[in-house]
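Take the sequence shown: its letters are residues -4 to 233, numbered as in the working numbering. Worksheet: the structure to be examined is printed underneath.
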Amino acid sequence: MRILAIDTSLGSGSVAAVDPDGSAERPLGPAGGHARVLTEALAEVAAARGWGEGPQALGSLGPSDVVAVIRGPGSFTGLRVGVAAAKALAWTTGARLVGVSGFDVLARRAARVAGWHDEPMAIAYDAGRGDVFAAIATPTADGWTVSPPALVPLDAWLESIPAGGRITGPALDAAPERYATRNDLAVAPPEAWHPLAADAAAIARARAEAGDVDDPHTLLPDYLRPSYAEERKPPAAG
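What follows is the structure, encoded as structure tokens:
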């Protein structure tokens, strides 16, 4: 099974090409350039795995292979770019499509980086305006079970975590002075705060092997709440 994985959910995006013999990864650089460099980056990592030369390397994917994408949470523009590219690749190559939650990816990263395999962890994304998207990842025999995400104020999220609790996620980058007041919490190393495409590929592999794949016609980004412009839109007359 060959897997191409895409993460454009946050400013520090990445792509990865994974096969049974190894993997190749590449950061995408600043968020504003993701759409411009994404196809080239995917072709580069695919070629690095020996799947072909240049853009033709992407065409080597087939029905037994997988295109994985982090479907959210994240920036509106970033998620649209990544999900649209993943769907296009699945359509054109016939590869299976797997949309992966960023919460699942961050749980896997914290387990790998911090060794957090045996207790629940609280994960939060910065939602702007003083809020976070928060969920609890609980270890299971097969990986992690993630609670339904909730939109809550950052301070309320921090206050809800019991002493000794484990925390990680991009929200820690956004407000270090706030969680620093909770010196009774276990904070994951900074390298575990942000998702990576390679971890999304590992999750997608397990899901694809279990037959749990997505329909390119119906997969949508998981924004978790409407954009600021949509929230301010007046109700339709009628």
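Using N, Cα and C, we set each Cβ at its ideal position, and we do this for glycine too.
How would you call residue i, buried or exposed, if buried means at least 16 neighbouring beta carbons within 10 angstroms?
i	result
H112	exposed
L215	exposed
R31	exposed
P230	Residue placement at P230 is flagged as unreliable, the pLDDT there being 45, under the threshold of 50; a coordinate-derived value is accordingly withheld.
D194	buried
D210	exposed
R91	buried
S9	buried
A83	exposed
Taking 7 angstroms as the cut-off, decide whether the C-beta atoms of residue i and residue j are in contact.
i	j	result
W188	G159	no
R21	V40	yes
R(-3)	V93	no
A11	A192	yes
L23	A36	yes
Do you know how far the Cα of residue j is from the Cα of residue i?
i	j	result
R200	S70	25 angstroms
A232	L56	Only weak support is given to the placement of A232: the predicted model assigns it a pLDDT of 46, under 50, and the question is left unresolved by the model.
E154	G28	37 angstroms
A85	P185	33 angstroms
G123	G73	15 angstroms
E172	R107	26 angstroms
A132	A42	35 angstroms
Y218	F128	10 angstroms
I156	D179	10 angstroms
P190	Q51	28 angstroms
D150	D16	45 angstroms
A224	Y120	Note that A224 scores a pLDDT of 43, beneath 50, so its modelled location is shaky; the value from the coordinates is reported in the next line. Looking at the two C-alpha atoms, the distance is approximately 20 angstroms.
T34	Y174	38 angstroms
D207	D14	19 angstroms
P68	G47	32 angstroms
A80	R104	24 angstroms
P148	D126	4 angstroms
E204	E114	26 angstroms
G89	A26	28 angstroms
A166	R177	14 angstroms
W152	A169	14 angstroms
T87	P58	11 angstroms
A183	G6	20 angstroms
A0	P134	24 angstroms
S18	D60	14 angstroms
V64	V78	6 angstroms
I believe residue i touches residue j by the beta-carbon criterion, under 8 angstroms. Please report the beta-carbon distance rounded to the nearest angstrom.
i	j	result
A145	R161	Between R161 and A145 the Cβ distance is about 18 angstroms, and since that is not below 8 angstroms, they are no contact.
V76	T3	5 angstroms
G49	A38	6 angstroms
A130	I118	5 angstroms
A102	M116	7 angstroms
Do the region 124 to 144 and the region 96 to 105 make contact, defined as three or more Cβ pairs closer than 8 angstroms? Between the region 124 to 144 and the region 96 to 105 there are three or more inter-stretch CB-CB distances shorter than 8 angstroms, so the stretches are counted as touching.
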